[in-house]
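Enquirer: Under the working numbering, think of the first position of the sequence shown as 1, with each following residue one higher.
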Amino acid sequence: MLAAGYRRAHVPHQSAGVNWTTALVSALAVGLGLLGAWVWPPLAVVTVWPLFLVVPGWALVAWGTRGGARISSTGRVGLAIVLSMAVSAHLVWWLATAFDGYGREVVFVTAAILAVPIPLAAAQWVGPARGAVAGAWRSFIRAVRRRPAAYGLALGAVAWVGVVLVLGLWRVEDAGVYVGGSNWSDIGVHLSIAQSVNAGNFPPQVPFFAGEPLVYHWFADFHAAILAEAAGLFAIPVFIVHSAVLAGALALVVHGLALSLVRDRWAQRAAWLAVFLVILGGGLGWIRLVGDLANGLGGAWDLLLIHAYDNEWLSEWPYFSIPSVMTTGLLVHRATTAGLPLLVGAVLFAVAAIPASRRVAAGSRDRPRLVALSGLAGALLAPFHFFFFPIVPLLVLAWVAIGRRLFTRSAVRLAILFAAPYLLALPFALTAAGQATGSGWLRVVIGWQTAPLADGPLAVLFFYLTNLGLPFVLAIAALFLIRTPARAFLATWIAILFLIPNVVQVSYVSFDMNKYFQAMWIAIGIAAGALLARWPTPVVVLVVAISAVSPILSSVHHAFSRNFLMRTDELVAADWIADNTAQGSVFVTDEWIISPTDPAGRLRLMTFGPYVANLGFDPSARQALIEEIRCAGDAARSALLMEELGATYVFPSANVSCEAPVDFAGSPLFEVAYREGSVVIYRLSSAP
């Protein structure tokens, strides 16, 4: 009996013990991996990238779900990815700010910090914990086998986005660089941010409006830049991997959220249908292709190379201005690629953390740790996506109010847990709010300004029905036809996100408010999936096929269309700039969407004017100065203005028409820094 008592008394001690051997071995392995990547950067893809994409998020999710998880395995994997991205990017930013500089050293110090959960977990590899870890792994494998459709769709999203971007994002051919689809207009912005940050632009100025702080949701590009810096890579291949992984994460968190919200015998089917509709569902833009074919405007393939048939700024009916999540959110707009799964993740944490009052009465309890993680995800969202940042508190408040938990005794404590992490968002949110209000672009509107408001209410109704398509109609029907407990929350989600772009505009280009429709699409996909799950399989196949046509056509367009971006001699000049000019050098360039300075990671004074205006700056004054630098006919005046603006180099452009072009070649104030092909770069002679 004494022996039995002795064994029982020591069981807690055994389970709480520390296996120093496994802890030290794992710490040594991590250290060697980081050292190897420091010496040979390509190794970072294997040893460093997982620390920025999986490990910290996995540790936080494990901490939050300890004691019984209300989040499916799909949700936990997706949350691990998006939380890792958010936490690691912010940690690098704070460390770089504290040490007044960003570089490879900060990236590897951050990696070492992010790796701490590995030896901590290994230290628990003792006694019963070994069986617990092995059991957890077996449980995860069983979960994957139970939900092959969900994990298959997530892998499909990774492959789909990855293949489209490999084919279309940055194709270098003999004549130069070609880009597919809408990336032709956007890639210069994202590339210039990532490349310039890795070339010392920190804290970042706007790389295409040098001298002004970068107040933009730029952290998706920042996180990709961190991965590129660790591995010594150009940003483009990292963008491709980054977007593909985040597409898979979006699929997983949508599946997890759908399971948490639907909660009936149709939940499993509804969840994977929701994933499909969110990732590959869209409107009826394909009807324009039918019309173009009927009118003999060309063959189907030729037309697809010209038109996306999902999101185009058209001048005649029918208009299609609301892009699908795939078309813009996953293939083009990198802020949405990162921000949307982070938004869904924050809501998933809240749904799992705060059960409705009826479930509390049945024995469910609050999960304070998950409440804190919901607030953390929502707070860290700010520099990833300023448009989505204020949406998380609104949706969480709606969930709490609809669940009749707003005035319970625990409400204040849970609110504090949720709100506390938002202190981390203040440096970003306050700056962005000040920029939006100061620029004058934040204003009240009556109706989304991109919709055909002048054509009357019936035209607007037709516009929304055709742009949002069958999933939208099914979602609205679902809110009336099925009695899922979460239908009031889904209805509120749809209503809030539909209302915002119809009453307020926060950017220079009204089209940008379409991002709220993409956030709305999450609730549409879940509601429509809940209804479709009850229907016969042939009908489901027909509906999802019709819904997927436009995103598929748009994906083909983005993969195979050939939009010329940059000549070969400009690409060669970009290499020279990167190798032969000081970090932070400022150039006078064309006012165009791309310049050799962008892949080179240097700064320029001006880009396409609306891009500058969309950041809250007035481009007109800078445009006038650049015209004077090039076209005033006075080299001395040009040199003075360049010195005032901090510019050292100038591209004389054949695309600029001047009555009195400045003769840079004939002035002693300038010297030829580079000449190759048709590219000539002049340098201020007085520059150090």
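Ideal Cβ positions, reconstructed from N, Cα and C, are used throughout, including at glycine.
(1) Between the Cα of residue 254 and those of 522, 311, 435 and 460, spot the shortest distance and give me the residue it belongs to.
(2) By the 10 Å Cβ neighbour count, where 16 or more other Cβ atoms means buried, how is residue 662 classified, buried or exposed?
(3) Whole angstroms are fine: how far does the CA of residue 417 sit from the CA of residue 581?
(4) Roughly how many angstroms separate the alpha carbons of residue 96 and residue 459, rounded to a whole number?
(5) Would you give the residue range spanned by the beta strand (DSSP E) that residue 695 belongs to?
(6) Using only the alpha-carbon positions, how far apart do residue 609 and residue 492 sit?
(7) Report the rounded CA-to-CA distance for residue 716 versus residue 591, giving the unit in angstroms.
(8) Excluding five sequence neighbours on each side, which residues of the same chain lie with their C-beta closer than 6 Å to the C-beta of residue 674?
(9) With three or more beta-carbon pairs closer than 8 Å as the criterion, would you say the stretch 288-296 touches the stretch 470-481?
(10) Below 8 Å between beta carbons: does that hold for residue 615 and residue 586?
(11) Closest by CA to residue 68, which one among 364, 384 and 524?
(12) Ignoring anything shorter than 4 residues, give me the alpha helix (DSSP H) runs that lie fully in the stretch 511-555, in order along the chain.
(13) According to DSSP, is residue 435 part of a helix, a strand, or is it coil?
(14) Just the Cα atoms here: how many angstroms apart are residue 448 and residue 494?
(15) Residue 339 and residue 307 look like a contact to me (Cβ under 8 Å); what is the Cβ gap, rounded to whole Å?
(16) Counting only runs that start and end within the stretch 244-313, where is the beta strand (DSSP E) found for 3 or more residues in a row?
(17) What did DSSP end up calling residue 205 once you bin it into helix, strand or coil?
(18) With distances taken Cα to Cα, identify the nearest neighbour of residue 568 among 117, 103, 178 and 25.
(19) For residue 192 and residue 466, what's the separation of their Cα atoms in angstroms?
(20) Let me know if residue 201 comes out buried or exposed under the rule of 16 or more other beta-carbons within 10 Å of its beta-carbon.
(21) May I ask you to verify whether the stretch 242-253 touches the stretch 147-162, counting CB pairs closer than 8 Å and requiring at least 3?
(22) If you check the beta carbons only, do residue 47 and residue 256 fall under 8 Å apart?
(23) Just reading off the alpha helix (DSSP H) that residue 464 is part of, what are its end residues?
(24) Among 379, 469, 649 and 474, whose alpha-carbon lies nearest the alpha-carbon of residue 420?
(25) Less than 8 Å between C-beta atoms, sequence neighbours within five positions excluded: which residues of the same chain meet that for residue 411?
(26) From the DSSP output, in three-state form, read off residue 691 for me.
(27) Taking all protein chains shown into account, do 16 or more other C-beta atoms lie within 10 angstroms of the C-beta of residue 407, making it buried, or fewer, making it exposed?
(28) Suppose you measure from the CA of residue 11 to the CA of residue 144; what does that come to, to the nearest Å?
(29) Measuring straight from C-alpha to C-alpha, what distance separates residue 173 and residue 167?
(30) Hey, how far is the Cα of residue 20 from the Cα of residue 213?
(31) To the nearest angstrom, how far is it from the Cα of residue 98 to the Cα of residue 510?
(32) At the level of alpha carbons, what is the spacing between residue 263 and residue 485?
(33) Evaluate residue 371 with the Cβ neighbour count: other Cβ atoms within 10 Å of its Cβ, from every protein chain shown; 16 or more gives buried, anything less gives exposed.
(34) By Cβ distance, which residues of its chain are closer than 6 Å to residue 720, with the 5 residues on each side in sequence left out?
(35) Taking buried to mean at least 16 other C-beta atoms within 10 Å of its own C-beta, is residue 537 buried or exposed?
(36) Output needed for residue 6: all residues of its chain with C-beta closer than 7 Å, excluding positions within five of it in sequence on either side, in chain order.
Expert: On the basis of the data shown:
(1) Along the sequence shown, one-based indexing puts residue 254 at 254. Distance from the Cα of residue 254 is smallest, within the candidate group 522, 311, 435 and 460, for 522.
(2) Position 662 of the sequence shown, counting from 1, holds the residue named residue 662. A residue is called buried once 16 or more other Cβ atoms fall within 10 Å of its Cβ, and residue 662 is buried on that count.
(3) Stepping through the sequence shown from its first residue, residue 581 is reached at position 581. Stepping through the sequence shown from its first residue, residue 417 is reached at position 417. Distance between residue 581 and residue 417, taken at the CA atoms: about 49 Å.
(4) Residue numbering aside, residue 96 sits at position 96 when the sequence shown is read from its first letter. Residue numbering aside, residue 459 sits at position 459 when the sequence shown is read from its first letter. Their backbone Cα atoms lie some 51 Å apart in a straight line.
(5) Outside the modelled stretch of the chain, which goes from 1 to 688, sits residue 695, for which no answer is possible.
(6) Mapped onto the sequence shown, residue 609 falls at position 609. Mapped onto the sequence shown, residue 492 falls at position 492. Near 37 Å, if we compare the C-alpha coordinates of residue 492 and residue 609.
(7) The question about residue 716 has no answer, for the chain in this structure spans 1 to 688.
(8) Translated into positions along the sequence shown, residue 674 becomes position 674. Correct list, in chain order: 576 and 681.
(9) Judged by pairs of C-beta atoms under 8 Å, the stretch 288-296 does not touch the stretch 470-481, as fewer than three such pairs exist.
(10) For this step, residue 615 is matched to residue 615 along the sequence shown. For this step, residue 586 is matched to residue 586 along the sequence shown. No, Cβ-Cβ distance for residue 615 and residue 586 is not below 8 Å.
(11) Locating residue 68 in the sequence shown gives position 68, counting from the first residue. Comparing alpha carbon positions, the residue from 364, 384 and 524 closest to residue 68 is 364.
(12) Complete alpha helix (DSSP H) runs here, min 4: 515-532.
(13) In the sequence shown, the residue the question calls residue 435 occupies position 435. In the structure shown, residue 435 sits in a helix (DSSP, three-state: H, G or I).
(14) As a first step, residue 448 must be located in the sequence shown, where it is residue number 448. As a first step, residue 494 must be located in the sequence shown, where it is residue number 494. Cα to Cα, residue 448 sits roughly 16 Å from residue 494.
(15) Along the sequence shown, read from residue 1 onward, the residue named residue 339 stands at position 339. Along the sequence shown, read from residue 1 onward, the residue named residue 307 stands at position 307. At roughly 27 Å, the Cβ-Cβ gap does not stay under 8 Å, so residue 339 and residue 307 are not in contact.
(16) List check, beta strand (DSSP E) in window: nothing returned.
(17) Counting from one through the sequence shown, the residue named residue 205 turns up at place 205. The three-state secondary structure of residue 205, taken from DSSP, is strand.
(18) Numbered from its first residue, the sequence shown carries residue 568 at position 568. Nearest of 117, 103, 178 and 25 to residue 568, Cα basis: 178.
(19) Translated into the one-based positions of the sequence shown, residue 192 becomes position 192. Translated into the one-based positions of the sequence shown, residue 466 becomes position 466. If you take the alpha carbons of residue 192 and residue 466, they lie about 36 Å apart.
(20) Numbered from its first residue, the sequence shown carries residue 201 at position 201. Buried, since its Cβ has 16 or more Cβ neighbours within 10 Å.
(21) By the Cβ rule, the stretch 242-253 counts as touching the stretch 147-162, because three or more pairs are nearer than 8 Å.
(22) As a working mapping, residue 47 is identified with position 47 in the sequence shown. As a working mapping, residue 256 is identified with position 256 in the sequence shown. In this structure, residue 47 sits away from residue 256, with a CB-CB distance that is not shorter than 8 Å.
(23) Taking the sequence shown and counting its residues from 1, the one referred to as residue 464 is at position 464. Secondary structure note for residue 464: its alpha helix (DSSP H) is the uninterrupted segment 457-481.
(24) Your numbering for residue 420 matches position 420 in the sequence shown. Ranked by Cα distance from residue 420, the options 379, 469, 649 and 474 are led by 379.
(25) Taking the first residue of the sequence shown as position 1, residue 411 is located at position 411. Excluding sequence neighbours, residue 411 sits near 400 and 405.
(26) The shown model of the chain, from 1 to 688, leaves out residue 691, and the question about it has no answer.
(27) Taking the sequence shown and counting its residues from 1, the one referred to as residue 407 is at position 407. By the neighbour-count definition (other C-beta atoms within 10 Å, threshold 16), residue 407 is an exposed residue.
(28) Taking the sequence shown and counting its residues from 1, one reaches residue 11 at position 11. Taking the sequence shown and counting its residues from 1, one reaches residue 144 at position 144. Per-residue confidence for residue 11 stands at a pLDDT of 37, beneath the threshold of 50, marking its modelled position as unreliable; the derived number appears in the next sentence. The alpha-carbon atoms of residue 11 and residue 144 are separated by roughly 33 Å.
(29) Reading the sequence shown from its first residue, position 173 is the one you call residue 173. Reading the sequence shown from its first residue, position 167 is the one you call residue 167. Each residue's alpha carbon lies about 12 Å from the other.
(30) Counting from 1 along the sequence shown, the entry for residue 20 is found at position 20. Counting from 1 along the sequence shown, the entry for residue 213 is found at position 213. Answer to the nearest angstrom: the Cα atoms are 47 Å apart.
(31) For the purposes of this step, residue 98 is taken as the residue at position 98 of the sequence shown. For the purposes of this step, residue 510 is taken as the residue at position 510 of the sequence shown. Answer to the nearest angstrom: the Cα atoms are 37 Å apart.
(32) Here residue 263 refers to the residue found at position 263 when the sequence shown is read from its first residue. Here residue 485 refers to the residue found at position 485 when the sequence shown is read from its first residue. Going from the Cα of residue 263 to the Cα of residue 485 covers about 8 Å.
(33) In the sequence shown, counting from the first residue as 1, residue 371 sits at position 371. Burial state of residue 371 is buried, judged by a 10 Å Cβ sphere holding 16 or more other Cβ atoms.
(34) Residue 720 is absent from the model: the chain starts at 1 and stops at 688.
(35) Position 537 of the sequence shown, counted from the first residue, corresponds to residue 537. Sixteen is the threshold: since fewer than 16 other Cβ atoms of the shown chains lie within 10 Å of the Cβ of residue 537, the residue is exposed.
(36) In the sequence shown, residue 6 corresponds to position 6, counting from 1. With a pLDDT of only 33 at residue 6, under the threshold of 50, the placement of this residue in the model should not be trusted, and no figure is reported.
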